[in-house]
Amino acid sequence: SDNKGECIFCPGEDRSRDEQRLILCIGNLSIILMNRFPYINGHLLIAPLRHVSSLDALSSEEKLDLITQVEKSIGILKEALRPEGFNVGLNLGKIAGAGVEDHIHFHIVPRWIGDTNYMTVFGEVRVIPEHIQETYRKLLPFFK
Numbered sequence: 853s854d855n856k857g858e859c860i861f862c863p864g865e866d867r868s869r870d871e872q873r874l875i876l877c878i879g880n881l882s883i884i885l886m887n888r889f890p891y892i893n894g895h896l897l898i899a900p901l902r903h904v905s906s907l908d909a910l911s912s913e914e915k916l917d918l919i920t921q922v923e924k925s926i927g928i929l930k931e932a933l934r935p936e937g938f939n940v941g942l943n944l945g946k947i948a949g950a951g952v953e954d955h956i957h958f959h960i961v962p963r964w965i966g967d968t969n970y971m972t973v974f975g976e977v978r979v980i981p982e983h984i985q986e987t988y989r990k991l992l993p994f995f996k
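Heads up, the sequence shown is in the numbering used here, so the first residue is 853 and it goes up one at a time.
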């Protein structure tokens, strides 16, 4: 794929910008990072390291690894942020809301009773109660 250079899910070799890029963890087959434009505090993105756009392009090992990382991330978010629930999913295609269409990724969205999670649907309003770097620093030790 030609645009791997600017793909947020393709980490490259340089680790010096991991914090700036909100990368929490890079495994053998996947990457976990915080969403720079979160629906809510603690919104994580999990993608295969390989630049692929569809589920059927993933190997069995990659599929297993992704679901394992989803499970691990939910456990960490439960411990670190104590949400009351989660939305977990894939946005496949621009019409479904995929911001990055050509590199498949899971969204892990923690939920709290009374949260304003889907306010974005009604206007250009995002209510994020905690600064994103603060949340990054809170979550990072759990991924080490």
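All residues carry an ideal CB built from backbone N, CA and C; glycine is no exception.
All of these numbers come straight from a predicted model, not from anything done at the bench.
Following the continuous alpha helix (DSSP H) through residue i, name the residue where it begins and the one where it ends.
i, result
"Ile892", "No alpha helix (DSSP H) holds Ile892; DSSP gives it neither H nor E."
"Ser912", "Ser912 to Leu933"
"Lys990", "Ile984 to Phe995"
Going by the DSSP bridge assignment, what does residue i pair with across the sheet?
i, result
"His959", "Leu897 and Gly941"
"Leu885", "Ile875 and Leu897"
Taking residue i as the reference, give the member of the options with the closest Cα.
i, options, result
"Ser882", "Ile947, Thr920, Leu933 and Arg963", "Thr920"
"Leu907", "Asp954, Pro962 and Phe938", "Asp954"
"Ile984", "Pro890, Glu858, Glu865 and Ile878", "Pro890"
"Glu936", "His903, Ala948 and Gly966", "Gly966"
"Ile892", "Lys946, Lys996, Ala948 and Val940", "Val940"
"Val922", "Leu944, Val904, Gly945 and Leu885", "Leu885"
"Asn943", "Ser905, Asp866, Ala909 and Arg963", "Ser905"
"Leu992", "Glu914, Leu910, Gly949 and Asp870", "Asp870"
"Leu929", "Cys877, His895 and Ser868", "His895"
"Glu858", "Lys996, Gly945, Pro962 and Val952", "Val952"
"Ile926", "Pro962, Lys996, Cys877 and Glu986", "Pro962"
"Lys924", "Asn887, Glu986 and Cys877", "Cys877"
"Trp964", "Phe938, Arg888, Leu910 and Gln872", "Phe938"
Just checking my contact of residue i with residue j at CB under 8 Å: how many whole Å lie between their CB atoms?
i, j, result
"Ile956", "Pro900", "7 Å"
"Phe994", "Ala932", "6 Å"
"Gly864", "Asp917", "Going by Cβ atoms, the distance from Gly864 to Asp917 rounds to 20 Å, so no, they are not a contact pair."
"Tyr988", "Leu874", "6 Å"
"Arg902", "Glu913", "Not a contact, Cβ separation roughly 11 Å."
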